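Throughout, the numbering used here is defined as the position within the sequence shown, counted from one, plus 76.
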Amino acid sequence: MSELRRHWTPTAVVFLVLAVAGLVGTWIFNALAIVQMRDFVGDLVSSGPAVSSITVDLLVVAIAGSIFIIVEARRLGMRFAWLYIVLSGITAFAFTYPLFLAMRQRRLTARAAASPADHR
């Protein structure tokens, strides 16, 4: 089996598909905001209580997810975890978090394959 295809479990593939959907879905709206010259941050905080609620909701999830990325990456020995967080500011957390989860799943699968008795 080629190295590129190794450790891609169905769960990892689902996370990868979600990452792609998160990237495409958010950037369609980001592109529209840029083309329409919208006040991106202003729209987030002043478009009414429902949008403000969603903004706070997603911000808290992004902070908790970022902490999880750092802690879990350290636990599993995954390098460059900070890059997922930095890239979320450039792309979207809806992209980088499922991408991290896909890579995490691959790492867990690789560890289980390397020493089945130690990581169950």
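We put the beta carbon where it would ideally sit given N, CA and C, even for glycine. In this text the structure is predicted, and so the values were computed from the model without any measurement.
Beta-carbon of residue i versus every beta-carbon of chain D: anything under 7 Å?
i: residue 189; result: As a matter of chain content, chain D is missing from the structure shown, which is built from one protein chain.
Around the Cβ of residue i, are there at least 16 other Cβ atoms within 10 angstroms (buried) or fewer (exposed)?
i: residue 130; result: exposed
i: residue 113; result: exposed
i: residue 171; result: buried
i: residue 164; result: buried
i: residue 177; result: buried
i: residue 104; result: exposed
i: residue 95; result: buried
i: residue 145; result: buried
Considering Cα atoms alone, identify which of the options is closest to residue i.
i: residue 37; options: 151, 175, 153, 105; result: Residue 37 lies beyond the residue range present for the chain, which begins at 77 and ends at 196; the question has no answer from this structure.
i: residue 154; options: 117, 109, 186, 94; result: 186
i: residue 135; options: 148, 117, 82, 159; result: 117
i: residue 100; options: 178, 177, 190, 169; result: 169
i: residue 167; options: 145, 125, 106, 189; result: 106
i: residue 150; options: 102, 97, 183; result: 183
i: residue 143; options: 133, 158, 152; result: 158
i: residue 97; options: 147, 120, 173, 110; result: 173
So, at 7 Å on beta carbons, what are the nonlocal neighbours of residue i in its own chain, with the 5 sequence-adjacent residues on each side left out?
i: residue 181; result: 85, 87, 88, 91
i: residue 133; result: none
i: residue 148; result: 180
i: residue 190; result: none
Going along the chain, which residues of its own chain have a beta-carbon closer than 6 Å to the beta-carbon of residue i, five neighbours each way excluded?
i: residue 120; result: 131
i: residue 102; result: 168, 170
i: residue 123; result: none
Counting pairs of beta carbons, one from the region 120-129 and one from the region 137-144, are three or more of them closer than 8 Å? no
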